[in-house]
Amino acid sequence: MYKCMKIIVLCLALSSADALKLPDYVHRCSVKDPEFDACVLKSAKETVPHMIDGLKQYHIPVLDPLYVTEVRTVDGDLDMGAQNVTAEGIRNIIIKSVRFDLKKKEITVETVVPEAHFTGNYEVKGKLMSLPIVGKGPLDAKFYDLYVKYVTNYELKKLDDGEVHLMPYNYTGEFEPRRVTAKLGNLFNGNKVLGDNMNTFINENWREVLKVVGKPTYDALGLIIHTMITEASKTVPYKNVFLDVE
Ligand SMILES: *[C@@H]1O[C@H](CO)[C@@H](O)[C@H](O)[C@H]1NC(C)=O
Ligand SMILES: *[C@@H]1O[C@H](CO)[C@@H](O)[C@H](O)[C@H]1NC(C)=O
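Residue numbers (mature numbering (1 follows the signal peptide of the UniProt record, and there is no 0)): -19 to -1, 1 to 227.
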C-alpha cells in the first residue's frame, strides 16, 4: 500500500481561454458517421504529430521531451523519488485504436511507444524485494514497446465560457512494456561493486521490480495523460469537436 504519494506534474499556463475551434488540420468526424470509430482513429493519427511540440492555446504542453518535475512515493519498505525527469520518444507513438462510445460516454485509447527514454535524478532508500537499497544520483531508464491503454468516462458539462465541454471525470491507465533497462548511478554512496550488483539485479528482474516501483511511475504518466486531455477539453466546446452534434 502506498501511504503517501505526491505527484507534481506539468507546468501548464492555465489562462482562462476563450472557446476555441479545433485547428484546421484536425479532421472532424460526424457523430452520425457509421464508420465513426475508424474516422476518429484516422483523425487522431493525423493530429498527434501536430501536438508533440505542444499547443499552448489548447493547454497541451511539449510532449517530447516531456518534463516531469517530481514523482515520489513512500510505502512500508521503500521510499523513493525521482526529480527533473525528462521522457523522450513519445514523438514516435503509434495509436493502435481509439474508441469513442457516445452512449456510455467512454473513451478508450490504445497506443504503443516504441522506445521511451527517461533520464533524471533519483533518490531511494529502503528495501527492494527484501534487498537493502540506498542511493541518490542520475537515473537512466528505457522502456521498449511500451503499451499504454487509457480509458476515461466523461460528462458533457457547461463551463464558465457558457459552452458545453466534454469533461473526463475518471480514468484508468494500463502500462505494459515489452522490456525495460535501467541504470541507477551512485548507488550505495558510490560503492561500485554494490551498485553494479544492484543494477544487474534490477535489469535481470525488471518485471518484478516494476511491480514494486512501477505504480508511482505509471500513476504519474496516467495523471499526465489525464490532465492533458482534461485541460485540452476545457479549451474546445464539444460542438466544435465533432460534426453533427446537436
Ligand atoms: C531540479 O531542477 C531544479 C531547477 O532546475 C533545481 O533547482 C533542482 O536542484 C533540481 N533537483 C534535482 C534533484 O536535481
Ligand atoms: C468511471 O465511472 C463510470 C460510471 O460513472 C464507471 O462505469 C467506470 O467504471 C468508472 N471508471 C473508472 C476507471 O473508475
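Every residue, glycine too, gets a C-beta built ideally from N, C-alpha and C.
Exercise for the section: Determine, using beta carbons only, whether Tyr199 comes closer than 7 angstroms to chain D. Expected result: In the displayed structure, chain D is absent; only one protein chain is listed.
Problem - For Leu202, the three-state DSSP class (helix, strand or coil) - result: helix
Practice task
Indicate whether the contact test is met: 3 or more Cβ pairs, each with one atom in the region 105 to 115 and one in the region 33 to 47, closer than 8 angstroms.
Solution key: no
Practice task
Return yes when the C-beta of Thr153 is under 6 angstroms from any heavy atom of ligand 2, and no when it is not.
Solution key: yes
Practice task
With distances taken Cα to Cα, identify the nearest neighbour of Tyr48 among Trp187, Asp34, Leu147.
Solution key: Asp34
Handout entry: Arg159 - DSSP class collapsed to helix/strand/coil
Key = coil
Handout entry: Cβ pair Val129, Thr92 closer than 7 angstroms
Key = yes
Practice task
Determine, using beta carbons only, whether Asp225 and Lys2 come nearer to each other than 7 angstroms.
Solution key: no
Exercise for the section: Look at Leu191 and Gly116 and say whether their C-beta atoms are less than 7 angstroms apart. Expected result: no
Problem - Those runs of the beta strand (DSSP E) which lie wholly inside the region 68 to 155 and span at least 3 residues - result: 75 to 82, 87 to 109, 112 to 139
Handout entry: Asn73: CB within 6 angstroms of a non-hydrogen atom of ligand 2
Key = no
Handout entry: ligand 2 heavy atom lying under 6 angstroms from the CB of Asn134
Key = yes
Problem - Span of the alpha helix (DSSP H), counted from its first residue to its last, around Val174 - result: 173 to 185
Handout entry: Where the alpha helix (DSSP H) through Val217 begins and ends
Key = Counting along the chain, Val217 falls outside any alpha helix (DSSP H), and DSSP gives it neither H nor E.
Exercise for the section: Report yes if the CB atom of Asn102 is closer than 7 angstroms to the CB atom of Asn65, and no otherwise. Expected result: yes
Practice task
Give the secondary structure of Gly195 by DSSP, where H, G and I count as helix, E and B as strand, and everything else as coil.
Solution key: helix
Handout entry: C-beta contact flag for Lys216 and Pro149 at 7 angstroms
Key = This sequence places Thr at residue 216; Lys is not what is there. Not in contact: Thr216 and Pro149 (Cβ atoms no closer than 7 angstroms).
Handout entry: Length of the line joining the Cα atoms of Gly203 and Ile71
Key = 14 angstroms
Problem - Bounding residues of the beta strand (DSSP E) (the contiguous stretch that carries Leu47) - result: 47 to 56
Exercise for the section: Please name the residue in Ala25, His8, Glu227 whose C-alpha comes closest to that of Leu137. Expected result: Glu227
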